[in-house]
Amino acid sequence: MSAMRFSESVTGTIQDGVLVVTIDNPPVNAISAHVRQGLVEALDHGALLGLVVGMVVTGAGRTFVGGADIKEFGKPPVEPTLPEVIERVESCDKPIVAAVNGAALGGGCELALACHGRIASDMASFGMPEVKLGIVPGAGGTMRLPRLIGTIAAIDLIGSGRMIKAAEALSLGLVDGVAADHLDAALSLVHDLAGEPLRRTGLLDVPATEQAAVEAVAKKVLSKSRGQTAPAEAVRLVKTAAQVDLKQGLADERATFLRLRDSTEAAALRHVFFAERQAGKVDKLDGIAARKMETVGIVGTGLMGAGIAVAALTVGYRVIGVEQTHEAADKGRERIAGTLDKSVQSGRLAAAGRDDCLARLAVTADAGQLAAADLVIEAVFDDLTVKTELFQRLDGIVRPDAILATNTSYLNPDEIAAATAHPERVVGLHFFSPANIMRLVEIVDCKATSPDVLASALAFAKRLGKLPIVCGVTEGFIGNRIFSAYRREAEFMVEDGAAPHEIDAALEAYGFPMGIFAVYDMAGLEIAWARRKRQAATRDPKARYVEIADKLCEAGRFGRKAGRGWYDYASGERMVVPEVTALIEAARAAKDIEPRHFSAEEIFTRLLKAMSDEGAALLSEGIATRSSDIDLVMINGYGFPAHKGGPMFAADDRA
Ligand code: T1G
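Heads up: the sequence shown begins at 3 in our numbering, then just goes up one per residue.
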């Protein structure tokens, strides 16, 4: 029988006496209004339902349903709402089975929950990621999921927003089966259910659970949700599922969802969601193909080089690590193997994958082996002479079509590129340590970088699973330049009367995992000190300069590793100590500064302004393409809380 069309994105065919309804709303089968209307149309075809034993709902392509249509949020609701559709599915008098062909997320998972049975393909995944958007499930997820898999598992999934694969879904009881041919299995399940009393998820009782175990999983899940509202609300709702009747629970959930959907936290997280999907798009690269790359050379296998090597090995590249001596090469290989072991221990890499990675790794003192590399990344000491001499050597080793990438944090990649015979093949790849874990990579589009080299660098970063942000050449690129700006502002305030721990407290109250002075101590003060000494001769004598950090270094206070910096760390915890307070007071006195009090509000307002002003300068100079890129850099590289949207979003929101 030819396909029936219920709406622009929902079609049906009758197979083996079952009405198979397919949702086809690219790119992720989001439940837009026309999807909801099509599903109700399919259910309304009573005649058809009279002709068939039941229904199967499935998705076209590789996603089952990627959730409600986030792009519809904030627009006037269009009937039927998703809860109305869910209610129609669950109360249908014929069996409806979900054939979950791919990701069933948010509303997609809720749609599957409302069905009377669920069959997953091997490629299926499930998740309730609403809290990652600053909201809670809004179509029955908090009430139905605990009825199916129990309160503890439901708190874990809904409170964390994590995704699970088909096998875990089966073990939890979220699906009735996993089948390579999930559609056939779903058709069979419809026939098995036909004529039997239907298991309506919403009418099941929530399995009894030990309160202590519930509180333990709630505590664990919420420990990771610093300062956010949605996770706590989601956990509260799941807990109440066992205490209230379905109607009451659904009403509470819907009211909570609508309230949170209009919150600043939700707007910020939606901003981040769409920003991440814009990040890797560069207009000038439309139609430019990336080069095929399978072998990556990495010069320098210290902490950064080893991290980059593991990131590349994990996704299938061959890696050639190069060191200056055989001994250093052996140490580099050990470091990479050790990092791979940690990836296995943390579950980021399957045990079998470790040996496969090592089989694709060579670490050598023979730089000539880089002749086989498609891309060579330098991760050597951040010194201009060292890097330019290395690139000149590489010119005579690598193939003419090989790409050279510098991982420099502060040097000018244009100067490094100018040292080579082919500057057009040089690009910046600024990884953040540890490079195998941190998602952020700043891709520096140098003056001479050719478009296909830039496109290849972007493709490489995406294959590594990184969040690539393209930027122009400026000292510190996007992240470090903004970090320097708000570090300066923080030091101005210390010189004017604020204590470092007051500034750190203001940042941590806003949602940063660690205040700037604690971060400073963690990173170590000596590198910045060395850079300031190099720049002393060219510093603008009229510009305000705070000497406190220099005085700390002169006193041997180099940070956490030295046991003391802005704070003391003798007990392991950071301690405010009189020696630093006295040093700060002396610096103020030397400039006849009468210290004054700063409120937490004033502190954060000034720091946010310093970040957003520098961001605005980066945009006006053309270094950053879009303000949302700046937000992503500060969120993913410098601890800016995602649920505040980033400095540009937050500054707009306060304006
Ligand atoms: N709504 C609208 N657009 C979406 C979307 C969604 N739910 N999900 C993705 N897109 C767009 C995305 O912006 C991009 O657009 C394109 O699809 C490809 O996305 C009632 C209220 C499904 C795992 O949070 O996790 O349901 O850039 O690059 O890598 O309780 O998309 O091409 O223009 O990410 O293959 C809950 C969000 C919603 C899932 C696919 N659902 N999406 O990953 O593609 S709230 C989510 C994802 C909800 C209910 C509540 C991923 C994916 P463009 P992509 P991908």
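Using N, Cα and C, we set each Cβ at its ideal position, and we do this for glycine too.
These numbers come from a predicted model, not from an experiment.
With a threshold of 16 other CB atoms inside 10 Å of the CB of residue i, please say whether the residue is buried or exposed.
{"i": "residue 276", "result": "exposed"}
{"i": "residue 328", "result": "exposed"}
{"i": "residue 631", "result": "buried"}
{"i": "residue 577", "result": "exposed"}
{"i": "residue 343", "result": "exposed"}
{"i": "residue 398", "result": "exposed"}
{"i": "residue 230", "result": "buried"}
{"i": "residue 317", "result": "exposed"}
{"i": "residue 80", "result": "exposed"}
{"i": "residue 309", "result": "buried"}
{"i": "residue 540", "result": "exposed"}
{"i": "residue 491", "result": "buried"}
{"i": "residue 595", "result": "exposed"}
{"i": "residue 289", "result": "exposed"}
{"i": "residue 479", "result": "buried"}
{"i": "residue 504", "result": "buried"}
{"i": "residue 599", "result": "exposed"}
{"i": "residue 247", "result": "exposed"}
{"i": "residue 241", "result": "buried"}
{"i": "residue 272", "result": "buried"}
{"i": "residue 668", "result": "Lying before the first or after the last residue shown, residue 668 is absent from the chain, which here runs from 3 to 657."}
{"i": "residue 60", "result": "buried"}
Checking the sheet assignment: what are the DSSP bridge partners for residue i?
{"i": "residue 432", "result": "444"}
{"i": "residue 570", "result": "566 and 577"}
{"i": "residue 607", "result": "Per DSSP, none; premise fails for residue 607."}
{"i": "residue 165", "result": "129"}
{"i": "residue 101", "result": "60 and 121"}
{"i": "residue 471", "result": "444"}
{"i": "residue 107", "result": "129"}
{"i": "residue 595", "result": "None, per the DSSP bridge assignment."}
{"i": "residue 407", "result": "379 and 429"}
{"i": "residue 15", "result": "22"}
Between the Cα of residue i and the Cα atoms of the options, which residue gives the shortest distance?
{"i": "residue 610", "options": "646, 207 and 221", "result": "646"}
{"i": "residue 104", "options": "401, 121, 555 and 474", "result": "121"}
{"i": "residue 406", "options": "412, 168 and 380", "result": "380"}
{"i": "residue 283", "options": "473, 307, 351 and 336", "result": "473"}
{"i": "residue 74", "options": "86, 585, 36 and 146", "result": "36"}
{"i": "residue 321", "options": "479, 352, 33 and 360", "result": "360"}
{"i": "residue 257", "options": "27, 139 and 169", "result": "139"}
{"i": "residue 562", "options": "584, 579 and 520", "result": "520"}
{"i": "residue 198", "options": "423, 97 and 648", "result": "97"}
{"i": "residue 451", "options": "418, 466, 438 and 20", "result": "418"}
{"i": "residue 693", "options": "525, 505 and 377", "result": "No answer is possible for residue 693: the residues shown for the chain start at 3 and end at 657."}
{"i": "residue 442", "options": "414, 482 and 403", "result": "482"}
{"i": "residue 509", "options": "168, 640 and 6", "result": "640"}
{"i": "residue 180", "options": "189, 638, 126 and 214", "result": "126"}
{"i": "residue 620", "options": "592, 650, 604 and 642", "result": "650"}
{"i": "residue 163", "options": "209, 207, 191 and 235", "result": "235"}
{"i": "residue 209", "options": "459, 154, 291 and 278", "result": "154"}
{"i": "residue 62", "options": "637, 102, 53 and 586", "result": "102"}
{"i": "residue 93", "options": "78, 543 and 200", "result": "200"}
Assuming residue i and residue j make a contact with CB atoms under 8 Å, what is their CB distance in whole Å?
{"i": "residue 372", "j": "residue 346", "result": "So it is not a contact: roughly 28 Å between Cβ atoms."}
{"i": "residue 31", "j": "residue 87", "result": "With 8 Å as the limit, residue 31 and residue 87 do not qualify as a contact, their Cβ atoms being about 14 Å apart."}
{"i": "residue 488", "j": "residue 612", "result": "4 Å"}
{"i": "residue 237", "j": "residue 161", "result": "5 Å"}
{"i": "residue 455", "j": "residue 475", "result": "About 15 Å; that fails the 8 Å criterion."}
{"i": "residue 339", "j": "residue 366", "result": "Wrong, their Cβ atoms sit about 15 Å apart, outside the cutoff."}
{"i": "residue 150", "j": "residue 175", "result": "6 Å"}
{"i": "residue 130", "j": "residue 108", "result": "6 Å"}
{"i": "residue 20", "j": "residue 56", "result": "6 Å"}
{"i": "residue 145", "j": "residue 252", "result": "6 Å"}
{"i": "residue 477", "j": "residue 635", "result": "No, residue 477 and residue 635 are not in contact; Cβ-Cβ is about 15 Å, not under 8 Å."}
{"i": "residue 58", "j": "residue 185", "result": "7 Å"}
{"i": "residue 147", "j": "residue 159", "result": "7 Å"}
{"i": "residue 267", "j": "residue 232", "result": "7 Å"}
Any beta carbon from chain D within less than 8 Å of residue i's own beta carbon?
{"i": "residue 400", "result": "Absent from the structure is chain D; it holds one protein chain and no more."}
For the region 349–391, which segments carrying the beta strand (DSSP E) assignment without a break, of at least 3 residues, lie completely within its bounds, in sequence order? 363–366 and 377–380
Runs of alpha helix (DSSP H) wholly within the region 274–354 (minimum 4 residues, chain order): 305–316 and 328–347
Only counting runs of 4 or more residues, tell me where the alpha helix (DSSP H) segments fall wholly within the region 169–245, in order along the chain. Runs of the alpha helix (DSSP H) inside the region 169–245: 184–195, 213–224 and 232–242.
Continuous alpha helix (DSSP H) assignments of at least 4 residues falling wholly in the region 608–641: 629–640
Entirely enclosed alpha helix (DSSP H) segments - the region 474–549, minimum 4 residues: 481–498, 502–512, 518–525 and 528–537
Complete runs of the alpha helix (DSSP H) confined to the region 18–58 [at least 4 residues]: 35–46 and 48–53
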